[in-house]
Amino acid sequence: MSSIKDVAKYAGVGLGTVSRVLNGEKGVSDETRENVLNAIRELDYKRNSLAVSFRKNENKIVALLVPVIDHPFFAKLAYYVEDELDKNGYSLLVSCSQSRQSKEYAMIEKLKRKDVDGIIFVTHYDYKAEELSKYPVVSIDRHFENVPFVTSDNYDSSVQACEWLISEGCKKIAYLGGKTLVESEVMERERAYRSVMHGHGLEEIVKSEVVKHGDEQPMVEALFREHPDLDAIFVSGDTMTNLIFGHCERCSIRIPDQLKVASYDGVQIKTGDMKDKIAYVEQPIETLGRRAVDLVLSKIKGETVPLKTVLKAKFVNYDAEDASSETKK
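Sequential numbering from 0 applies to the sequence shown in numbering that gives the first Met the number 0.
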């Protein structure tokens with residue numbers, strides 16, 4: 000295997016000149032640059048990217064920090080983030096915080112030590128702007144001052160889902176969702192529900208609590224126990240929608256004949272028993288993941304990036320799968 004010394008000798012130049020050509024730096028004449036490039040081709044020289052990374056104090060690693068990985072949204076997000084990073088020569092490190100801020104701080108410390116080059120994260124905790132803004136960090140669904148974040152248009156797409164339930168003749172519509180400890184774009188789903196109910200003069204029935212992933216069953220049971228006459232539910236995510244579907248099967252409640260359900264995410268609804276029975280807002284998870292990678296890699300390069308990126312979501316009901324939401328950019 001040829002080395003950089005072999006290239007320099009073949010081209011009749013010094014090691015520094017070869018290095019400048021490889022790094023695309025100025026200060027090399029066109030003729031000399033062409034001689035070096037020709038030597039690289041003739042010798043089939045392959046650059047050692049790992050060694051380059053060490054010299055530049057880069058690891059070519061981006062961390063994805065999520066609360067859990069066994070959630071369908073986060074699992075799919077991780078898939079697209081890794082795919083996009085791989086296309087750009089980076090590796091992915093997935094870290095599950097289990098909703099513990101101490102684990103999030105540990106990953107931020109890795110970034111400060113340059114053990115990782117950047118972080119894409121979803122957090123339920125608050126941070127001071129200066130803790131994040133000076134590093135290559137991109138947030139999903141959470142806004143921090145001077146930190147780029149990517150989200151889908153939670154409000155408008157949720158409005159469309161709620162309006163659809165009303166158009167189907169539903170009058171007793173509940174909202175079921177988890178709360179976050181801090182302000183999050185996800186809370187726009189509840190705000191949209193409340194706004195639509197208020198606009199139509201309908202009762203607001205909200206079951207929204209801070210709950211860990213996997214502990215949602217009691218919330219679902221309590222909603223049906225406290226409001227046995229519901230004719231519709233707008234659900235904040237697939238996990239609770241699965242639990243609602245299971246409850247209705249056990250209690251012989253027919254969906255959608257007796258109870259109509261509209262859910263956010265839709266990852267698990269597209270296939271299986273819930274297909275053609277539950278309407279959903281489909282988040283652009285692939286675009287979310289790839290856009291987050293674009294932003295964090297641009298930050299790593301020191302480039303200026305937009306602070307807020309809002310992506311369109313799509314409302315899909317079981318009668319018209321191509322119905323799309325009129326969400327704003």
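By construction, the Cβ of each residue, glycine as well, lies at the ideal position given by its N, Cα and C atoms. None of these values were measured; they are calculated from a predicted model.
Which value, in whole angstroms, describes the spacing of the CA atoms of residue i and residue j?
i, j, result
"A62", "D256", "45 Å"
"K86", "L310", "22 Å"
"Y174", "V93", "32 Å"
"I232", "D264", "15 Å"
"E30", "V20", "12 Å"
"I119", "A291", "7 Å"
"F143", "G23", "35 Å"
"R141", "S90", "24 Å"
"I39", "V6", "6 Å"
"A278", "V195", "17 Å"
"D237", "L229", "19 Å"
"H246", "E225", "14 Å"
"L76", "E130", "25 Å"
"Y207", "Q100", "Residue 207 is actually Ser in this sequence, not Tyr. So the two alpha carbons sit approximately 22 Å from each other."
Check whether the Cβ atoms of residue i and residue j lie closer than 9 Å to each other.
i, j, result
"S98", "V146", "no"
"F244", "K276", "yes"
"V209", "E189", "no"
"I416", "Y44", "Beyond the ends of the chain as shown, which are 0 and 328, falls residue 416; an answer cannot be given."
"I60", "D114", "yes"
"V280", "A312", "yes"
"K307", "T179", "no"
Check whether the Cβ of residue i lies closer than 8 Å to any heavy atom of the ligand FAD, and answer yes or no.
i, result
"G301", "As for the ligand FAD, it is missing from this structure, which has no ligand bound."
What are the boundary residues of the alpha helix (DSSP H) that includes residue i?
i, result
"D155", "153-166"
"K109", "100-111"
Quickly, what does DSSP pair residue i with across the bridge? List them, please.
i, result
"C95", "V65"
"E208", "G177"
"T150", "V309"
"F120", "L64, S138"
"S90", "I60"
Since residue i is in the beta strand (DSSP E), which residue starts that stretch and which ends it?
i, result
"F314", "313-315"
"Y174", "172-177"
"L310", "307-310"
Residue ranges of each alpha helix (DSSP H) run of no fewer than 4 residues wholly in the segment 215-301, ordered along the chain? DSSP runs (the alpha helix (DSSP H)) wholly in the segment 215-301: 216-225, 237-249, 284-299.
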